[in-house]
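I have placed the structure first, in the form of structure tokens, so that the comments after it can refer back to it.
Residue numbers (this note's numbering), protein chains in the order written: chain A, 1 to 488; chain B, 1 to 312.
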């Protein structure tokens with residue numbers, strides 16, 4: 001009998017209050033490319049972490065080639081031939097290409113009573129595997145000196161080196177340019193021919209149509225659809241992902257007010273944010289969009305900006321906050337002190353507002369927190385709960401509440417809806433539009449160009465640390481033109 | 001749920017009460033007024049140091065230099081006092097401590113040197129400086145330190161030693177600073193999540209540096225108290241104080257990761273250490289075994305804390 005290479009039955013997983021996966025079935029056969037798609041927060045990452053042994057499911061079972069397995073750690077999964085290439089590559093920058101590939105399984109030879117690393121065979125092995133990928137890198141080069149795309153090939157080569165039955169790739173093309181994507185596809189086709197099963201997680205639906213034999217669509221932690229090649233189109237996939245209910249397009253206000261902030265986010269191109277505007281920053285992973293947001297917030301290096309007609313030098317985020325700029329960082333752990341209460345987190349940037357003669361006026365803080373929790377709908381409404389205990393969407397709302405409490409003029413957002421559920425995502429979109437409607441401005445960076453196309457009055461396209469184009473709503477912003485502008 | 005949470009927060013206090021109850025049952029000498037007074041006086045100096053250490057640990061740092069700093073402050077205070085009077089001496093001692101704290105803070109917060117290494121360095125360096133300025137001999141002048149200062153080390157107000165009043169007043173004042181001022185909340189936020197605090201507009205480097213200044217100044221106060229008690233500035237005083245203070249703060253439930261801990265519980269931690277030593281003394285436990293017991297208690301407390309946070 002022909003068993004699937006990897007099969008998961010009835011997998012469920014909860015994190016605190018959030019159901020990440022609810023009774024999910026999944027299988028991939030030898031020589032098959034099985035794509036997994038879904039919106040942010042649909043459960044894709046949780047599923048592959050369970051398949052890769054990084055999380056244990058609350059319920060359900062996993063079998064490899066017909067045998068039931070329990071993975072206590074990623075090590076167990078690797079031993080069973082399941083190799084995961086995560087989005088953030090786990091390579092050691094200070095070691096060489098060959099050392100990284102061999103790490104965890106270094107070839108040794110005897111030298112008297114000692115076992116020493118057999119450098120020659122390590123190098124030879126690396127060279128032969130890299131050749132399979134058409135990648136002629138010097139095995140002695142330090143990984144730190146490679147580009148992101150090259151590192152990804154090293155990570156893949158590392159996986160290939162092992163006896164690999166199932167290969168899981170988490171959004172491998174997020175940071176790649178078109179040419180590099182094609183090379184990756186060629187590699188996958190070659191692995192497919194060697195009967196490796198491939199699980200391919202992606203945001204880009206055209207890739208699914210191009211290479212997948214089968215596609216599983218996740219929505220809110222459940223399997224919304226499974227279909228085979230030829231039976232899916234980009235439109236079908238979008239329909240399955242969103243459940244047919246497209247989010248109503250937020251009304252981007254056409255009227256533009258005065259300039260609230262002008263600056264040079266990339267150090268060269270002048271950008272003005274006007275009252276009522278939501279401006280997008282689009283770029284591939286590693287293109288420098290995150291650094292631009294941090295720069296406008298005075299983080300890491302001093303920046304010159306003009307706020308409300310006055311030139312200011314931002315040397316510290318505290319200067320930006322004083323100038324009326326707020327920031328929602330990309331990792332929620334960076335926006336919140338996780339072990340402190342929701343209340344303390346909301347009050348943190350506002351301590352000066354609620355203190356009198358150097359001491360905190362608690363009676364002023366509590367109603368402020370209560371009103372904000374109501375306004376942005378943080379659930380549960382328990383100001384004393386630790387921020388860690390909230391779901392991702394609610395954590396993000398706490399970060400927004402911090403800045404809304406101050407009445408800031410400009411809000412900088414770094415991927416504000418990444419990894420949160422559809423309902424919370426719509427609420428956050430509404431809050432951003434509401435901010436703009438009240439004559440504030442937002443600058444939003446997102447890995448999801450669809451989100452930018454939906455929200456923004458204009459979008460700045462970024463490639464290699466430079467703003468290379470500006471797309472305006474008046475001339476139409478659509479996903480494919482954005483994708484093309486950023487080189488994806 | 002709420003009840004359980006509040007009870008869990010009082011583990012240090014419950015531990016102290018349990019320890020006292022057991023000791024009282026085993027020996028009736030424990031509850032004698034003389035013994036209880038002794039415990040308070042013995043705890044007083046360490047309590048002041050532990051309060052400073054709490055600022056640093058809540059802010060996410062660590063300070064090994066407090067013992068040397070206390071010795072420096074005691075000797076500087078004694079030397080100045082002989083020429084310029086009690087008040088000037090005490091102020092000079094505390095200032096000397098604050099300066100060591102300032103140096104620690106600037107190196108750690110602005111040069112990003114690891115706190116362990118930095119304060120290990122200042123611990124050794126300051127001790128060397130103390131020996132240099134004193135020539136290695138105790139400082140007490142030819143006729144001894146002023147009588148008013150010596151009285152501070154043994155006198156009482158309303159039946160309670162001055163040495164006990166000092167930490168009591170400081171505890172009230174500093175608890176207010178840490179819990180009821182914006183500055184205090186920023187210390188907790190910085191220790192709990194430095195990057196998150198930074199991206200909320202908190203000037204984290206200044207906050208971190210300030211915690212070391214508090215710690216140094218309080219070690220200075222402790223050093224002056226110690227000089228009053230010893231009736232001289234002792235260059236060898238305060239050895240291993242840093243370890244006792246850190247152990248007490250951890251016993252009080254603070255996290256070495258930062259962001260957690262309160263002054264009053266750190267003082268409870270000091271009392272636990274002192275009562276434990278006192279109990280073992282009263283029970284005639286061999287002094288070598290006492291060290292083994294104290295070490296074991298510290299590890300047990302820290303391990304219990306880890307287990308509790310694992311379950312979360």
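Ideal placement from N, C-alpha and C gives every residue a C-beta, glycine not left out.
A quick note: this is a predicted structure, and the numbers were derived from the prediction, not measured.
Interface flag, residue i vs chain A, CB-CB below 8 Å
i: residue 174/B; result: no
i: residue 9/B; result: no
i: residue 12/B; result: no
i: residue 263/B; result: no
i: residue 232/B; result: no
i: residue 259/B; result: yes
i: residue 306/B; result: no
i: residue 201/B; result: yes
i: residue 253/B; result: no
i: residue 106/B; result: no
i: residue 182/B; result: yes
Residue-level contact to chain B via CB, residue i, 8 Å cutoff
i: residue 107/A; result: no
i: residue 373/A; result: no
i: residue 340/A; result: yes
i: residue 337/A; result: yes
i: residue 147/A; result: no
i: residue 299/A; result: yes
i: residue 402/A; result: yes
i: residue 316/A; result: yes
i: residue 398/A; result: no
Classification of residue i by the beta-carbon crowding that lies within 10 angstroms, buried from 16 upward
i: residue 315/A; result: exposed
i: residue 240/B; result: exposed
i: residue 236/B; result: exposed
i: residue 26/A; result: buried
i: residue 340/A; result: buried
i: residue 476/A; result: exposed
i: residue 96/B; result: buried
i: residue 80/B; result: buried
i: residue 447/A; result: buried
i: residue 178/A; result: exposed
i: residue 150/B; result: buried
i: residue 143/B; result: exposed
i: residue 380/A; result: exposed
Reduced DSSP category for residue i - H, G, I as helix; E, B as strand; rest coil
i: residue 2/B; result: In this prediction, residue 2/B scores a pLDDT of 41, lower than 50, which makes its location untrustworthy; the coordinate-derived value is nonetheless stated afterwards. The answer is helix: DSSP assigns residue 2/B an H, G or I state.
i: residue 147/B; result: helix
i: residue 15/A; result: strand
i: residue 289/A; result: helix
i: residue 137/A; result: coil
i: residue 269/B; result: helix
i: residue 23/A; result: strand
i: residue 127/A; result: helix
i: residue 58/B; result: helix
i: residue 110/B; result: helix
i: residue 228/A; result: strand
i: residue 91/B; result: helix
i: residue 158/B; result: coil
i: residue 179/B; result: helix
i: residue 83/A; result: strand
i: residue 495/A; result: No answer is possible for residue 495/A: it lies beyond the span of chain A, which begins at 1 and ends at 488.
i: residue 261/A; result: strand
i: residue 62/A; result: strand
Own chain residues within Cβ distance below 8 Å of residue i, not counting five before or after
i: residue 206/A; result: 234
i: residue 12/B; result: 251, 252, 253, 265, 268, 269 and 272
i: residue 196/B; result: 189
Same chain only: Cβ atoms within 7 Å of residue i, ignoring 5 sequence neighbours per side
i: residue 290/A; result: 330, 414 and 445
i: residue 120/B; result: 64
Pair within 8 Å by beta-carbon distance, residue i and residue j
i: residue 73/A; j: residue 53/A; result: yes
i: residue 224/B; j: residue 73/B; result: yes
i: residue 298/B; j: residue 250/B; result: yes
i: residue 270/B; j: residue 43/B; result: yes
i: residue 211/B; j: residue 55/B; result: yes
i: residue 261/A; j: residue 441/A; result: yes
Close beta carbons around residue i, own chain, < 6 Å, minus the five adjacent residues each side
i: residue 106/A; result: 117
i: residue 226/A; result: 216
i: residue 16/B; result: 268, 271 and 272
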